Amino acid sequence: MTSAPPSKVCAVCGRRITWRKKWERDWEHIRYCSARCRGRKDGAGQDALEQRILEMLGARARGATMCPSEVARAEGGEDWRERMEPVREAARRLVARGDVDILQGGRVVDPSTAKGPIRLRLRASR
1 MTSAPPSKVC AVCGRRITWR KKWERDWEHI RYCSARCRGR KDGAGQDALE
51 QRILEMLGAR ARGATMCPSE VARAEGGEDW RERMEPVREA ARRLVARGDV
101 DILQGGRVVD PSTAKGPIRL RLRASR
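For the sequence shown, position 76 (counting from the first letter as 1) is numbered 76 according to full-length UniProt numbering, and the numbering increases by one without interruption.
Structure (structure tokens):
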């Protein structure tokens, strides 16, 4: 019996995609965790949010953290709450690339399972 391939990261939302038997023949081509993400694969504004997160974190002291709402407020104005999930998605993609850590209670957490308030920090090796 062969073991399942390692998980992947969704190209849109940054959540972990776990292997499923029905994907056995197509696993190398799976890029999205859901139909919703597949429909949003155009990436409109994704790179801009990632860049904004890196810029705002880069302007802080080394090791300092930031709430994703700061980015959402800077980008969204009055509608900043609607920008929260896209900012969290951008942060998860940055984690997958190795640029950022997501923390809760001062500890690095798995971005796919983190619920509630999070903080962002540039990865120390960056």
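Using N, Cα and C, we set each Cβ at its ideal position, and we do this for glycine too. Bear in mind that the values here come from a model prediction, so they are computed numbers and not experimental data.
Inter-residue Cα distance where the pair is residue i and residue j
i    : j   : result
V87  : W23 : 29 Å
I102 : E70 : 15 Å
C67  : L57 : 10 Å
E55  : E28 : 33 Å
For residue j and residue i, believed in contact at Cβ under 8 Å, the rounded distance
i   : j   : result
E75 : R83 : 5 Å
S34 : W19 : Not a contact, Cβ separation roughly 15 Å.
Residue burial classification, residue i (beta-carbon count within 10 angstroms, cutoff 16)
i    : result
E50  : buried
S112 : buried
Sequence-distant residues of its chain with Cβ nearer than 8 Å to residue i (five each side left out)
i    : result
A114 : I102, Q104
Contacts around residue i, its chain only, beta-carbon distance under 6 Å, and the 5 residues preceding and following it disregarded
i   : result
R92 : G14, P111
Just to confirm the assignment: which complete beta strand (DSSP E) runs, minimum length 3, are found wholly within the region 47-114? Taking only runs of at least 3 residues, the beta strand (DSSP E) segments lying wholly in the region 47-114 are 100-104.
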